[in-house]
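Structure first, then comments.
In our numbering, the protein residues as written are 31 to 235.
Have a look at this one:
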């Protein structure tokens with residue numbers, strides 16, 4: 031039996047995932063979390079075969095959450111479920127320690143197949159992500175950002191201010207501002223508005 035932890039801040043999403051998994055005989059929902067911090071606490075206290083994580087949750091989330099979970103439980107398999115562009119985020123999540131990335135628009139049978147494949151030791155990414163990883167040529171500027179800078183970019187584009195981002199990522203406002211300056215510099219942009227436009231053009235949101 032594959033014991034799964036579901037971590038998503040939307041209860042309707044968790045309920046939908048539980049219904050899908052309840053129809054199987056080899057996958058069981060062992061626990062659920064509404065935030066990254068709650069997911070980390072559960073992983074510290076219990077043993078799961080696989081964790082399904084939303085990319086954006088209150089508190090600890092995204093790349094940081096993946097790294098913390100793998101640090102705590104190296105053998106834990108992680109599947110990221112997200113609305114973010116698969117081709118833009120999959121490579122970073124895999125590098126951080128995830129074993130799969132799936133868009134929330136995916137069909138139930140694809141989700142179940144991904145869970146079984148990852149639990150068995152495999153890796154799952156969709157066609158868009160695979161094409162992106164195989165594509166040759168010059169990389170877009172945002173791929174030169176560090177994981178931390180990429181997280182700050184994501185939250186800036188979501189409309190959070192430096193104080194909110196600092197609280198979310200456990201950073202000082204000054205550090206967030208420094209990251210923002212570096213992000214704009216690396217991308218050759220002059221303002222947050224230009225950053226939002228860049229993110230939309232490159233399907234980062």
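Positions of the beta carbon are idealized from the N, C-alpha and C atoms, including for glycine. The model shown is predicted, which means the values in this text are computed figures rather than measured ones.
Please list, in chain order, all residues of the same chain as residue i whose beta carbon is under 6 Å from its beta carbon, the five residues on each side excluded.
i	result
residue 87	39, 65, 66
residue 47	36
residue 76	none
Thinking C-beta only, is residue j closer than 9 Å to residue i?
i	j	result
residue 194	residue 185	yes
residue 183	residue 225	yes
residue 175	residue 124	no
residue 179	residue 227	no
residue 50	residue 141	yes
residue 110	residue 121	no
Sorted by chain position, which residues of the same chain lie with C-beta nearer than 8 Å to residue i's C-beta, five sequence neighbours on each side aside?
i	result
residue 181	92, 93, 94, 199
residue 196	202, 203, 205, 206
residue 32	56, 57, 58, 79, 80, 145, 146, 149
residue 153	124, 129, 130, 147
residue 143	154
What's the gap between the Cα of residue i and the Cα of residue j?
i	j	result
residue 133	residue 113	6 Å
residue 45	residue 210	36 Å
residue 24	residue 103	Not covered by the structure: residue 24. The range shown for the chain is 31 to 235.
residue 214	residue 53	47 Å
residue 105	residue 130	14 Å
residue 83	residue 219	31 Å
residue 135	residue 74	30 Å
residue 192	residue 208	10 Å
residue 69	residue 85	13 Å
residue 139	residue 151	19 Å
residue 188	residue 137	26 Å
residue 155	residue 229	22 Å
residue 234	residue 89	20 Å
Using a Cβ-Cβ cut-off of 7 Å (strictly less than) and excluding sequence neighbours within five positions of residue i, which residues of its own chain qualify?
i	result
residue 127	96, 97, 100, 108
residue 222	186
residue 72	35, 61, 63
residue 177	93, 122, 126
Entirely within the segment 90 to 121 and at least 4 residues each: give me those alpha helix (DSSP H) ranges in chain order. 92 to 102
Identify every run of the beta strand (DSSP E) within the segment 33 to 67, keeping only runs that are complete inside it and at least 3 residues long; order them along the chain. 57 to 63
Output the residue ranges of the alpha helix (DSSP H) runs that lie fully inside the segment 171 to 197 and measure 4 residues or longer, sorted by chain position. 177 to 187
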